[in-house]
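Residue numbers (my numbering), protein chains in the order written: chain A, 65 to 468; chain B, 12 to 610.
Even glycine gets a Cβ: it sits at the ideal position worked out from N, Cα and C.
Since the model is a prediction, treat every value here as computed from it, not as a measurement.
The structure appears below as structure tokens.
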Amino acid sequence: MNKEISDHNLGLYLHWPFCESKCGYCDFYSVPLKGRDVAPLLDAFAIDLRSRVAECDKQIDTIFWGGGTPTTLEDDNLSIALGHIQNATSNHPIREFTIEANPATVDERKAATLVDLGVTRVSLGAQSFHQNELSALERLHTPRDVPEAIRIIRAAGITHYNIDLIFGIGGQTLASWQESLARAVELEPPHLACYGLTYEHGTSLTKQLKLGHIEACDEQLEADMFLACKDYLERCGYEQYELSNYAKPGHQCLHNLIYWKNGSYQAVGPSAAGCLGNIRFKNVSDINEYIRLINSNGHAIADREIIGETERALEGLMMRMRLIDGLDLADFLRCTGINLIENCRNAIARLTDSELIVCDESKLRMTRRGLLMADTVIRELASELDPPSGMSLNVVASRPIGDA
Amino acid sequence: MTDLTHIRNFAIVAHIDHGKSTLADRLMEHAGAVSKRELKAQMLDDMDLEREMGITIKANRCSMKYKFEGEEYLLNLLDTPGHVDFHYEVSRALTACEGVLLLVDAAQGVQAQTVANAYLAVEAATEIIPVINKIDLPGAHPEDCALELEHVLGIPADEAIFTSAKTGQGIDELFAAIIKRMPPPAPDPEDKLRALVYDAKNDVHRGVITHVRLFGGTMKRGDKMRFVAAGSERIVTEVGKFTPKPGAVDSLSAGDVGYVLASIKTIADVNIGDTITLAHNPTTRPLPGYQAPQQMVFCDFFPGPGTETPDLRDAFEKLWLNDSSFTYETTSSDALGIGFRCGFLGLLHMKIIQERLEREGDVNIVQTAPTVTYEVELKDGTVMHIESPSELPDLSVVADIREPICKASVIVPAAYIGDVLKISLERRGTHSKTEYLSPTRVMLNFEFPLGEIIYDYYDRLKSATKGYGTADYDVTGFRSDNLVKLDILVNAMPVDALSVIVHRDKAANRGRRLIQRLKKEISRHQFEIPLQAAIGGKIIARETIAAMRKDVTAKCYGGDISRKRKLLEKQKEGKKRMKQVGMVAIPQGAFMSILDPGD
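Here it is as structure tokens:
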């Protein structure tokens with residue numbers, strides 16, 4: 065699957081920038097909908113979509129429509145948007161088409177539209193089953209909305225669905241976290257994403273934290289929550305396949321695997337980021353500017369970056385180590401020309417001694433303790449990662465001191 | 012060939028930032044040595060680092076022709092560094108001159124290095140022309156400056172020339188004074204070649220360029236020359252002058268300043284201060300030469316991540332071909348591995364050498380905190396000098412530890428005397444004399460242990476005096492005191508590079524502060540890290556860096572990759588300045604935290 069993904073397949077990421085309201089922890093580009101006319105954006109979106117897909121020289125086989133919240137679109141507009149997507153990708157063998165949804169934004173009609181127009185997977189932002197925690201996160205829905213949304217999704221015939229949960233919320237206890245986990249598992253999702261709350265720059269929660277209005281979760285408690293989650297979900301038959309992602313066999317998210325395996329993906333919509341071979345690009349993060357650029361230039365790319373070999377190797381290390389299965393050494397050598405065992409010899413020895421990683425002949429993977437310290441592990445490895453150079457080791461005698 | 016009476020050899024000396032290089036530029040421009048178009052700011056500062064930092068590191072030179080009262084004069088100018096670390100460059104330059112321009116900033120007045128440089132000029136028996144510069148500045152008070160000079164150095168105030176190197180005001184008068192007041196080179200009765208080697212540079216294509224000042228005789232291409240002290244002989248392949256670019260001339264004669272090429276491969280083959288003469292007609296009176304620069308500050312350079320010891324050695328060897336003002340020799344540390352013990356003239360010099368090594372040699376350096384030389388007497392009577400606390404022998408065999416002592420003169424506005432006394436006494440200074448330069452400015456003399464002032468005394472002085480205070484020091488010898496070695500243990504492992512020699516009365520306090528600083532510098536690891544300060548095996552202070560329980564980025568998807576990679580690159584760059592000691596990564600800043608003597 066690895067080679068298949070990195071070499072031959074292409075993902076398509078679509079970004080819909082509207083939400084009902086901005087959540088306290090979210091740092092994605094999104095703006096509150098507040099009765100805005102979405103038609104001009106839908107038109108630009110369609111143009112962007114057609115030209116991006118036409119540009120692809122490979123087959124697209126996964127689509128991920130995130131945001132923002134795509135399901136905030138009214139049913140008729142949702143149909144139009146999905147129609148554009150379906151038309152644009154009709155010649156591509158789509159294996160997975162995920163849409164992000166919030167619990168209070170799905171109804172029977174929309175669910176039927178999703179299924180009719182090709183969506184195969186729904187990712188539901190449940191986050192917590194406790195009202196006080198949802199309020200702390202500045203979420204609009206209530207705990208009751210989640211089972212209802214899942215019922216609707218299942219009734220429409222969607223069997224692949226994911227539930228997002230957040231731990232490490234200020235005031236959250238280990239018990240309340242375990243209860244949220246249990247409530248989520250009762251809904252039989254084939255996939256769960258459990259994120260430690262991150263205070264991203266510029267978000268409402270970060271501002272409150274800096275002002276001292278809220279308190280961050282204790283680090284040890286957060287570590288306990290991480291491991292409690294892993295143990296519980298594994299007992300329930302889920303496999304942790306990425307630091308924050310769990311799936312029943314056969315239900316891993318194919319699209320997200322592209323990111324973790326450094327594959328290529330096209331990007332459509334304001335603020336969407338793409339990567340094609342060694343080129344990374346990002347669309348402008350402003351709806352009006354996006355519309356203007358699409359209408360005048362046919363694209364809205366604001367940043368473009370060519371990834372050199374060194375950067376590529378660093379990204380490879382950074383992303384692949386997130387996978388629980390580990391980093392395949394032979395594959396890494398093939399993709400980057402770097403023999404990691406040789407190149408990062410000292411770091412690997414230190415990390416192995418500290419029991420943060422294990423290294424066998426074929427793979428480098430994190431231990432249970434290592435998962436909690438993944439950033440340390442990646443930093444340590446990265447600090448030694450260097451493209452091989454012809455370094456000579458001959459020692460020359462020291463020069464005498466003084467000049468007079 | 013210009014006859015001797017029409018040659019003037021002079022240097023510009025001044026306190027740092029008083030406008031030497033700008034004045035040199037203006038003189039060259041007036042004499043037509045460079046056109047306005049060619050004149051990028053600070054012509055003579057040709058090292059990138061000099062231009063970037065706005066300071067002169069190496070003495071530089073230029074020959075120019077100037078018409079005065081209908082006759083053409085050859086003026087050889089040497090621009091010298093102003094920072095205290097480079098005194099030796101100034102004294103070298105002065106031996107090649109008959110006169111100096113003692114430059115004073117009209118807004119700042121006489122400063123510590125003005126005085127120090129004036130003394131050097133007096134010692135070298137050169138004619139001093141005081142120049143009060145920057146008279147265009149709003150805060151300029153040139154007459155007061157001239158009076159200060161008269162008061163401190165006994166140079167009559169009415170001899171001072173007022174200039175603005177920026178606007179060109181006073182430059183013609185200055186040329187007139189150089190020609191009328193400075194003596195021409197003295198004729199040499201013997202008339203045998205005597206050329207003083209005052210500097211040498213390595214050129215990749217042409218070999219070593221030896222800078223010379225001729226005191227007698229002539230030399231030309233094809234001559235067989237001899238280095239008197241070294242005894243080696245070479246055939247001269249080219250002689251030339253700097254105008255300011257080097258250009259070949261037919262011959263150099265007595266009074267001239269210029270250069271010699273003689274197929275010399277490395278700078279180690281040229282002794283600065285040596286005399287060049289002719290092999291077939293040698294002088295019997297070689298020139299007195301120079302004392303070698305005295306390295307005062309020592310620290311260790313270790314290879315950082317991505318750099319191996321041989322790379323660092325190569326970088327040292329390459330730089331040493333061009334600049335022999337520092338010393339280096341292999342050293343090894345239990346904690347940090349193989350590195351190099353280096354000797355510098357001062358902290359600025361250390362910083363410059365480190366930057367040049369990294370830039371020109373493409374290496375990463377982890378540097379330990381600078382220390383001074385200590386004199387240690389053993390019980391068997393042996394006296395040794397140690398350049399690092401880790402070299403201190405076991406205390407059971409040590410009879411006495413002596414620290415270097417220096418005499419310092421500090422010039423400050425009178426209003427700050429109290430503050431300056433406070434910071435000076437804290438650094439174990441003893442105050443010996445107060446002298447008023449004017450009703451508002453005062454020169455204070457102190458005696459200090461060198462180790463107490465070398466790190467941050469300047470900075471403290473500057474902030475205590477709102478930037479007006481200046482200081483200069485001279486090392487006078489070693490003195491015994493109650494000194495002990497303070498050891499630092501990180502994660503139960505002694506880190507020799509963090510050891511310091513301190514006065515016993517200050518040891519406990521210093522140890523505590525040191526590990527508190529370390530606690531801030533070393534990031535949390537996945538395990539608890541004890542930090543301890545110890546004297547002779549006895550723990551006197553302890554701190555703990557808590558373990559990190561969780562360090563994991565929750566979300567990393569397509570849109571995050573670029574940003575996260577850049578963060579990782581930044582962290583990777585930061586790691587280049589870290590040294591792995593056992594399981595703990597110690598950042599560069601931690602090694603420097605030794606320097607903080609606190610309040």
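Cut-off 8 Å between Cβ atoms - residues of its own chain near residue 233/B, not counting five sequence neighbours on either side = Counting from one through the second sequence, the residue named residue 233/B turns up at place 222. For residue 233/B, where only same-chain residues beyond five positions count, the Cβ hits under 8 Å are 246 and 247.
Roughly how many angstroms lie between the CA atoms of residue 161/A and residue 285/A, to the nearest whole one?
-> Numbered from its first residue, the first sequence carries residue 161/A at position 97. Numbered from its first residue, the first sequence carries residue 285/A at position 221. Distance from the CA atom of residue 161/A to the CA atom of residue 285/A, rounded to whole angstroms, is 36 Å.
Candidates 231/B, 362/B, 444/B and 165/B, of which the one nearest residue 126/B by Cα = The sequence position of residue 126/B within the second sequence is 115, counting from 1. Answer by Cα proximity: 165/B.
Residues of chain B with a CB under 8 Å from the CB of residue 339/A: which are they?
-> Counting from one through the first sequence, the residue named residue 339/A turns up at place 275. The answer, in chain order, is 569 and 572.
Residue of 119/B, 87/B, 110/B and 116/B minimising C-alpha distance to residue 139/B = The sequence position of residue 139/B within the second sequence is 128, counting from 1. Residue 110/B is the option with its Cα nearest to residue 139/B.
Quickly, what does DSSP pair residue 138/B with across the bridge? List them, please.
-> On the second sequence, position 127 is the one that residue 138/B refers to. Beta bridge pairing from DSSP links residue 138/B with 110/B.
Could you work out which residues of chain A lie near residue 276/B, taking near to mean beta carbons separated by less than 7 Å?
-> Locating residue 276/B in the second sequence gives position 265, counting from the first residue. One finds nothing in chain A with a Cβ atom closer than 7 Å to the Cβ of residue 276/B; even the nearest lies about 14 Å away.
Leaving out the 5 sequence neighbours to the left and right, which residues in its chain are closer than 7 Å to residue 69/A when beta-carbon positions are compared?
-> Numbered from 1 along the first sequence, position 5 holds the residue referred to as residue 69/A. Confidence at residue 69/A is low in this model, with a pLDDT of 41, below 50, so its placement is unreliable and the value that follows should be read with caution. These residues qualify, in order along the chain: 321, 322, 325 and 327.
Please list, in chain order, all residues of the same chain as residue 42/B whose beta carbon is under 8 Å from its beta carbon, the five residues on each side excluded.
-> Locating residue 42/B in the second sequence gives position 31, where the first residue counts as 1. These residues qualify, in order along the chain: 75, 76, 77, 86 and 186.
Can you tell me whether residue 73/A is buried or exposed, with buried defined as 16 or more other CB within 10 angstroms of its CB?
-> Taking the first residue of the first sequence as 1, we reach residue 73/A at position 9. By the Cβ-count criterion, residue 73/A is buried, with 16 or more other Cβ atoms from all chains shown falling within 10 Å of its own Cβ.
Every unbroken beta strand (DSSP E) within the stretch 14 to 40 of chain B, with a cutoff of 3 residues, ordered by chain | With a minimum length of 3 residues, the continuous beta strand (DSSP E) runs that stay inside the stretch 14 to 40 of chain B are 18 to 25.
is_contact[residue 262/A, chain E] using C-beta, thresh 9 Å | The question asks about chain E, but that chain is absent: this structure's protein chains are A and B.
Identity of the residue in 89/B, 572/B, 203/B and 94/B nearest residue 356/B by Cα = Your numbering for residue 356/B matches position 345 in the second sequence. Residue 94/B is the option with its Cα nearest to residue 356/B.
Sort 156/B, 37/B, 558/B and 533/B by Cα distance to residue 450/B and report the nearest one.
-> In the second sequence, counting from the first residue as 1, residue 450/B sits at position 439. It is 156/B whose Cα lies nearest to the Cα of residue 450/B.
Does the stretch 258 to 276 of chain B come close enough to the stretch 312 to 320 of chain B to have 3 or more Cβ pairs within less than 8 Å?
-> Under the 8 Å Cβ criterion, the stretch 258 to 276 of chain B does not count as touching the stretch 312 to 320 of chain B, having fewer than three qualifying pairs.
Taking Cβ-Cβ distances shorter than 8 Å, what residues in chain B pair up with residue 437/A?
-> Residue 437/A sits at position 373 when you count from the first residue of the first sequence. Scanning chain B for C-beta atoms nearer than 8 Å to the C-beta of residue 437/A yields 537, 559, 561, 562 and 563, reported in chain order.
Rounded to a whole number of angstroms, what is the C-alpha to C-alpha distance between residue 305/B and residue 14/B?
-> For the purposes of this step, residue 305/B is identified with residue 294 of the second sequence, where counting begins at 1. For the purposes of this step, residue 14/B is identified with residue 3 of the second sequence, where counting begins at 1. C-alpha separation (whole angstroms): 38 Å.
Contact with chain B by residue 350/A, beta-carbon distance below 9 Å = Counted from its first residue, the first sequence places residue 350/A at position 286. Cβ-Cβ to chain B under 9 Å: no for residue 350/A.
Segment limits, beta strand (DSSP E) that includes residue 330/A | Indexing the first sequence from 1 puts residue 330/A at position 266. Element bounds for residue 330/A: 328 to 332.
Which word fits residue 400/A, buried or exposed, when buried means at least 16 other C-beta atoms lie within 10 angstroms of its C-beta?
-> Taking the first residue of the first sequence as 1, we reach residue 400/A at position 336. It counts as buried.
Looking only at its own chain, which residues have a Cβ that is under 6 Å from the Cβ of residue 498/B, when we skip the five neighbours before and after it?
-> Stepping through the second sequence from its first residue, residue 498/B is reached at position 487. Cβ neighbours of residue 498/B beyond the five flanking positions: 505, 510 and 545.
Taking all protein chains shown into account, decide if residue 208/A is buried (16 or more other Cβ within 10 angstroms of its Cβ) or exposed.
-> The residue labelled residue 208/A in the question sits at position 144 within the first sequence. When all chains shown are included, residue 208/A counts as exposed.
Would you mind telling me which residues of chain B sit closer than 7 Å to residue 228/A, beta carbon to beta carbon, in chain order?
-> Translated into positions along the first sequence, residue 228/A becomes position 164. Taking a Cβ-Cβ cut-off of 7 Å, residue 228/A has no neighbours in chain B, whose nearest Cβ is about 10 Å from it.
Answer yes or no: do residue 180/B and residue 26/B have a C-beta to C-beta separation smaller than 9 Å?
-> What you label residue 180/B is simply residue 169 of the second sequence in a count that begins at 1. What you label residue 26/B is simply residue 15 of the second sequence in a count that begins at 1. In this structure, residue 26/B does not lie closer than 9 Å to residue 180/B by Cβ.
Please check if any C-beta of chain A sits within less than 9 Å of the C-beta of residue 591/B.
-> For the purposes of this step, residue 591/B is taken as residue 580 along the second sequence, with counting starting at 1. Chain A, which has a Cβ nearer than 9 Å to the Cβ of residue 591/B, makes this yes.
Taking the alpha-carbon positions, what's the residue 279/B to residue 332/B distance?
-> One-based indexing of the second sequence puts residue 279/B at position 268. One-based indexing of the second sequence puts residue 332/B at position 321. Residue 279/B and residue 332/B: Cα-Cα distance of roughly 7 Å.
State yes or no: is the C-beta of residue 188/B nearer than 8 Å to some heavy atom of the ligand HEM?
-> Judged by which ligands are present, the structure shown has none, so any question about the ligand HEM falls away.
Can you give me the Cβ contacts of residue 139/A inside the same chain, cut-off strictly under 7 Å, excluding the 5 residues immediately before and after it?
-> Here residue 139/A refers to the residue found at position 75 of the first sequence. Within the same chain, residue 139/A has close Cβ partners 173, 174 and 177.
Excluding the 5 residues preceding and the 5 following residue 402/A in the sequence, name in chain order all residues of the same chain whose CB lies nearer than 6 Å to its CB.
-> Start at 1 with the first residue of the first sequence, and residue 402/A comes out as number 338. Within the same chain, residue 402/A has close Cβ partners 377.
Could you give the residue range of the alpha helix (DSSP H) that holds residue 440/A?
-> The count along the first sequence starts at 1 and reaches residue 440/A at position 376. According to the DSSP assignment, residue 440/A belongs to the alpha helix (DSSP H) that extends over 438 to 448.
So is residue 504/B in contact with chain A if we call contact Cβ pairs under 9 Å?
-> Here residue 504/B corresponds to residue number 493 of the second sequence, with the count starting at 1. Answer no: the Cβ-Cβ gap between residue 504/B and chain A never drops below 9 Å.
Roughly how many angstroms separate the alpha carbons of residue 409/A and residue 148/A, rounded to a whole number?
-> Numbered from its first residue, the first sequence carries residue 409/A at position 345. Numbered from its first residue, the first sequence carries residue 148/A at position 84. Just so you know, the alpha carbons of residue 409/A and residue 148/A end up roughly 51 Å apart.
Could you check the C-alpha separation between residue 352/B and residue 312/B for me, to the nearest Å?
-> Stepping through the second sequence from its first residue, residue 352/B is reached at position 341. Stepping through the second sequence from its first residue, residue 312/B is reached at position 301. The alpha-carbon of residue 352/B is positioned some 7 Å away from that of residue 312/B.
Just the C-alpha distance for residue 575/B and residue 129/B, rounded to the nearest angstrom, thanks.
-> Sequence index remark: in the second sequence, residue 575/B carries index 564 (1-based). Sequence index remark: in the second sequence, residue 129/B carries index 118 (1-based). Taking the straight line from one Cα to the other gives about 57 Å.
With 16 other Cβ atoms within 10 Å as the buried cut-off, status of residue 98/B | Position 87 of the second sequence, counted from the first residue, corresponds to residue 98/B. Result: buried.
Going along chain B in order, which residues have a C-beta closer than 7 Å to the C-beta of residue 283/A?
-> Walking along the first sequence from the start, residue 283/A turns up at place 219. Going along chain B in sequence order, the residues near residue 283/A (Cβ under 7 Å) are 560 and 561.
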